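One structure is given below, encoded as structure tokens.
Residue numbers (my numbering): 74 to 973.
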């Protein structure tokens, strides 16, 4: 049957068609259906063929030039040269291919990890199962705070309200009921259905599963958004443009050099061509694409360790450039765990301390010093309030290792923790006070009442909790600190409720009625008289301590943080003040946002850091307004309707735990823990990755330019090449896959989060880098030719002179590596010299490889090398030290001039 027609069937017919019953499925039937229908999980997007992924690593203009050079050398019969060129190309492709899959693997792992839990009836008993184990016909129990785990046809609804903004964009929760709905009803009007991925905001209900996985409504929409356009970042665009112009420049120079050598100097065609191939290989940074990919992939792994899953490699560079972060509040800046923070009773105001749902903490007068002793045992009223919070409650607190979790309404979980803090034993009290009847919470009367009988004292009481205005209207008396009854001062309590609400807390009232005789039923008429008001509790979702520190880190890094939430303005302002937002007293609501035109919004968005009662559509407007000011915007989102804003943002960040698959598909990053601190950590890692990319480029281009300059100079002056083409190929391959890659693993520099965000369109080749390329190229030419001419002057053979020149080139590249590791600080420190484990492994690999081709006879015959004496090796090492000293002195002078 078409799932869209379930809303037109009566409940009994729905159960009949699904071959189910109100007591749920039995375990055997559920297992059989799971094998038939599969897991209740949204299908993963299609993956690219591994062969295609591998071949795409050759899709680069720089690689095309090398492949063409390999083809020509093969035609000329220079098979060794052909093999080395192809080895360079293939090694780069293999490295890039192996690293590319890291992000997809991480995303697949989180897809498996984030399956929600569901409370179901199996074998007639309530049990909790993994959401992916649900099958059609399962009976699911819904309570406030639950995420609906599949599409359900509702069978029972008691004050049930569901937030469906991720599907419909409506910010107001939808009242649910069980009666049939017309067939033509729009999605938002199908009030007898609860859709997968939506959230229960209040009430209770039961529903039968009618669709799972990709067959759900959210699964259908996710499928439409599964193909998201690939991200293009300034770095990617700059690298593409740079590669094209660099290739054109190198080929032009190569053609001119070849023409000059052949037509003017009349050199041998074959030798000249190989020299020009050597020039092209020396100048083309063939390993750069692979090393950049590896640098990004290393960043992927670093971010994954910080709970930020990167879905597209270039997004790492973007997140490091953000200048403003627009964050959700609940669960991201806060713990997403309700906690009783304040009490107002006949004995005065109290503050409640603790952490999350843990049933441990203190209750003390509001004006008491910090770290007070619990006073509940001296306040009978507080224990009576705790007993009411405990018994008029359907939730359960359970400990998983060291963490406490709530099964049921998060607010009721917080009340259980509060009851424990008053000194009550939750399990013991529930056993002594047997529940006899209950009036469930309903959106119309806005309270819940439960009838309990104490077996030992034979006492019968009704315990109530609900909205203050409704409970105050039902009461005429109140309890004082000694537990005595006094006339109700309603005006006083209204003021107290307003004061607590002004602190951003959700206010709940507690009351009790003692019945003279035992009864087994509870009607609304039973709570219309003799109800005694106990007091108020203030609940809040407290900010994460790590989020407070992360916001401060962002501010120091020049990054604005803005909170965008659907919560009330007062709550948002309270949390904004606690986490340290820059303008916590100014809040713009969604309604006020709608009244602003684009020009007014563009001005207001700079002065406002808190936006409350917003819809996903508001997020898109805010992103656009911020980008018009030239800002690089990171945006968080969790719903299907957040996808436009996530796409529009420079860095879309989806919530891994509460986010829809559609949001994850539209985003570049997914937070595994929905924690703002993970966003700040991702920014730090993104800046580190960009710094390392700059280091890779700043190391690769000057060294390649130096190699090319040596060959160009030799060809122009008709000299014998100081380094042969095959030796150039060898140096490029061995250093690119070692020294170049080592820079990808550089740690975060000390001042990374003290620097302002880099400009949005900062050029890849700035004036400083162009100057560095020129200076280092000149020093490379001087070093290589100096050693080569020294060897000739000593009467060494051509092979030995070239061997010394090649080893000098490698030593200078190692020296330059130590210099480039510290772009923003001195390299003359123990930390800089000590380096990292990866740096020293790379140097050892290069050293061993150079020793092999210098001293092993087999490699000597391939690369035309000869053994170098110890004294000459010391001289070569000295050239590297001289290079390091010269460029470090130049950097220090440049930094001092910039600082003055």
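Note that beta-carbon positions come from the ideal geometry of N, C-alpha and C, so glycine has one too. Keep in mind it's a predicted model, so treat the numbers as computed, not measured.
request  = May I ask which residues mark the beginning and end of the beta strand (DSSP E) holding residue 79?
outcome  = In the chain shown, residue 79 corresponds to position 6, counting from 1. Segment: none, residue 79 is in no beta strand (DSSP E) and carries neither H nor E.
query = What residue range is occupied by the uninterrupted alpha helix (DSSP H) comprising residue 500?
reply = On the chain shown, residue 500 is found 427 positions in, with the first residue counted as 1. Per DSSP, residue 500 belongs to the alpha helix (DSSP H) from 499 to 505.
task = Would you kindly work out how many angstroms separate the C-alpha atoms of residue 468 and residue 406, rounded to a whole number?
result = Within the chain shown, the letter at position 395 stands for residue 468. Within the chain shown, the letter at position 333 stands for residue 406. If I take the Cα positions, the gap works out to 25 Å.
task = Flag this pair as yes or no: are the beta carbons of residue 540 and residue 565 separated by less than 8 Å?
result = Counting from one through the chain shown, the residue named residue 540 turns up at place 467. Counting from one through the chain shown, the residue named residue 565 turns up at place 492. With respect to the 8 Å criterion, residue 540 and residue 565 are not classified as neighbours on the basis of their beta carbons.
ask   = Between the C-alpha atoms of residue 260 and residue 825, what's the straight-line distance to the nearest angstrom?
value = By one-based count along the chain shown, residue 260 stands at place 187. By one-based count along the chain shown, residue 825 stands at place 752. Each residue's alpha carbon lies about 49 Å from the other.
ask   = Taking the Cβ atom as the reference point for each residue, do residue 745 and residue 736 lie within a distance shorter than 8 Å?
value = Locating residue 745 in the chain shown gives position 672, counting from the first residue. Locating residue 736 in the chain shown gives position 663, counting from the first residue. Taking 8 Å as the Cβ cut-off, residue 745 and residue 736 do not qualify as a contacting pair.
ask   = Would you call the region 604 to 619 and the region 543 to 562 touching, i.e. three or more CB-CB distances under 8 Å?
value = yes
query = If you drop the 5 nearest sequence neighbours on each side, which residues of the same chain put their C-beta closer than 6 Å to that of residue 619?
reply = Here residue 619 corresponds to residue number 546 of the chain shown, with the count starting at 1. Closer than 6 Å at Cβ, skipping near neighbours: 750.
ask   = Exposed or buried, which one is residue 847 when buried takes at least 16 other CB atoms within 10 Å?
value = The residue given as residue 847 occupies position 774 in the chain shown. Flag for residue 847 reads exposed.
ask   = What number of angstroms, rounded off, separates the C-alpha of residue 82 from the C-alpha of residue 409?
value = Position 9 of the chain shown, counted from the start, is the residue given in the question as residue 82. Position 336 of the chain shown, counted from the start, is the residue given in the question as residue 409. Straight-line Cα distance between these residues: approximately 37 Å.
task = Within 10 angstroms of the Cβ of residue 137, are there 16 or more other Cβ atoms? Answer buried if so, exposed if not.
result = Indexing the chain shown from 1 puts residue 137 at position 64. So residue 137 ends up on the exposed side.
query = Does the beta-carbon distance from residue 283 to residue 219 come in below 8 Å?
reply = Numbered from 1 along the chain shown, position 210 holds the residue referred to as residue 283. Numbered from 1 along the chain shown, position 146 holds the residue referred to as residue 219. Contact check for residue 283 against residue 219 fails: the beta carbons are separated by 8 Å or more.
request  = Quick one: using the 10 Å Cβ neighbour count with 16 as the cut-off for buried, is residue 182 buried or exposed?
outcome  = Counted from its first residue, the chain shown places residue 182 at position 109. Reliability fails at residue 182, whose pLDDT of 42 lies under 50, so the model's placement of it is uncertain and the value that follows must be treated cautiously. Looking at its Cβ environment, which holds fewer than 16 other Cβ atoms inside 10 Å, residue 182 is exposed.
key: residue 382 at chain B interface by Cβ criterion, 8 Å   = In the displayed structure, chain B is absent; only one protein chain is listed.
inquiry  = Need the endpoints of the beta strand (DSSP E) that residue 974 sits in, please.
reply    = A query on residue 974 cannot be resolved here, the shown segment of the chain reaching from 74 to 973 and no further.
key: Whole-angstrom distance between residue 759 and residue 677, CA atom to CA atom   = Translated into positions along the chain shown, residue 677 becomes position 604. Translated into positions along the chain shown, residue 759 becomes position 686. Rounded to whole angstroms, residue 677 to residue 759 spans 29 Å at the Cα level.
query = Out of curiosity, what's the CA-to-CA distance linking residue 611 and residue 544?
reply = For the purposes of this step, residue 611 is identified with residue 538 of the chain shown, where counting begins at 1. For the purposes of this step, residue 544 is identified with residue 471 of the chain shown, where counting begins at 1. Looking at the two C-alpha atoms, the distance is approximately 15 Å.
query = Helix, strand or coil for residue 402 per DSSP?
reply = The residue given as residue 402 occupies position 329 in the chain shown. It is coil, neither helix nor strand.
query = Pairing CB atoms from the region 504 to 520 with CB atoms from the region 578 to 597, are three or more of them under 8 Å?
reply = A contact between stretches requires three or more CB pairs, one per stretch, nearer than 8 Å, and the region 504 to 520 meets this requirement with the region 578 to 597.
message = Let me confirm a value: residue 200 is counted as buried when at least 16 other C-beta atoms fall within 10 Å, else exposed. Which label applies?
response = Taking the first residue of the chain shown as 1, we reach residue 200 at position 127. It is exposed - the Cβ of residue 200 has fewer than 16 other Cβ atoms within 10 Å.
query = By the 10 Å Cβ neighbour count, where 16 or more other Cβ atoms means buried, how is residue 867 classified, buried or exposed?
reply = Counting from 1 along the chain shown, the entry for residue 867 is found at position 794. Its Cβ having fewer than 16 others within 10 Å, residue 867 is exposed.
key: Cβ neighbour criterion (16 or more within 10 Å) applied to residue 976   = Beyond the ends of the chain as shown, which are 74 and 973, falls residue 976; an answer cannot be given.
query = Rounded C-beta distance between residue 889 and residue 795? I'm assuming under 8 Å.
reply = On the chain shown, residue 889 is found 816 positions in, with the first residue counted as 1. On the chain shown, residue 795 is found 722 positions in, with the first residue counted as 1. Their Cβ separation, rounded to whole angstroms, is 19 Å, which puts residue 889 and residue 795 out of contact at 8 Å.
task = Look at the Cβ atom of residue 228, then the Cβ atom of residue 279, and state whether they are nearer than 8 Å.
result = Indexing the chain shown from 1 puts residue 228 at position 155. Indexing the chain shown from 1 puts residue 279 at position 206. For residue 228 and residue 279, yes; Cβs fall inside 8 Å.
query = Straight-line CA distance for residue 132 to residue 773?
reply = Stepping through the chain shown from its first residue, residue 132 is reached at position 59. Stepping through the chain shown from its first residue, residue 773 is reached at position 700. For residue 132 and residue 773, the gap between their C-alpha atoms comes out near 20 Å.
request  = May I ask you to report which of helix, strand or coil DSSP gives residue 221?
outcome  = The count along the chain shown starts at 1 and reaches residue 221 at position 148. It is coil, neither helix nor strand.
query = Where do the ends of the beta strand (DSSP E) carrying residue 197 lie?
reply = As a working mapping, residue 197 is identified with position 124 in the chain shown. Element bounds for residue 197: n/a, residue is neither H nor E.
ask   = How about the region 390 to 399 and the region 703 to 710: do they share at least three Cβ pairs that are nearer than 8 Å?
value = yes
inquiry  = Am I right that residue 739 and residue 725 are in contact with their C-beta atoms under 8 Å? What's the rounded C-beta distance?
reply    = Walking along the chain shown from the start, residue 739 turns up at place 666. Walking along the chain shown from the start, residue 725 turns up at place 652. Between residue 725 and residue 739 the Cβ distance is about 6 Å, and since that is below 8 Å, they are a contact.
request  = Within the same chain, show all residues whose beta-carbon is closer than 6 Å to that of residue 116, passing over the 5 residues directly before and after it, in chain order.
outcome  = Sequence index remark: in the chain shown, residue 116 carries index 43 (1-based). Excluding positions up to five away in sequence, the list reads 287.
ask   = What's the gap between the Cα of residue 962 and the Cα of residue 954?
value = Position 889 of the chain shown holds residue 962. Position 881 of the chain shown holds residue 954. Roughly 12 Å between the two C-alpha positions.
inquiry  = Looking at the secondary structure, which residues open and close the alpha helix (DSSP H) in which residue 857 lies?
reply    = Sequence index remark: in the chain shown, residue 857 carries index 784 (1-based). It spans 840 to 866 - the alpha helix (DSSP H) in which residue 857 sits, taken as one unbroken run.
task = Check each candidate in 615, 883, 524 and name the one with the smallest Cα separation from residue 924.
result = Looking up residue 924 in the chain shown gives position 851. Ranking the options by Cα distance to residue 924, first place goes to 883.
request  = Measure from the alpha carbon of residue 627 to the alpha carbon of each residue in 128, 653, 891, then state which is nearest.
outcome  = Along the chain shown, one-based indexing puts residue 627 at 554. Minimum Cα distance to residue 627 is reached at 653.
request  = For residue 444, collect the residues of the same chain with a Cβ closer than 7 Å to its Cβ; drop the 5 residues on either side in sequence, then sort them by chain order.
outcome  = Along the chain shown, one-based indexing puts residue 444 at 371. Legend: pLDDT at residue 444 = 47, less than 50; position of this residue unreliable, no value from coordinates given.
key: CA nearest to the CA of residue 702, picked from 672, 335, 113, 775   = Position 629 of the chain shown, counted from the first residue, corresponds to residue 702. Comparing Cα-Cα distances from residue 702 to each of 672, 335, 113, 775, the minimum goes to 672.
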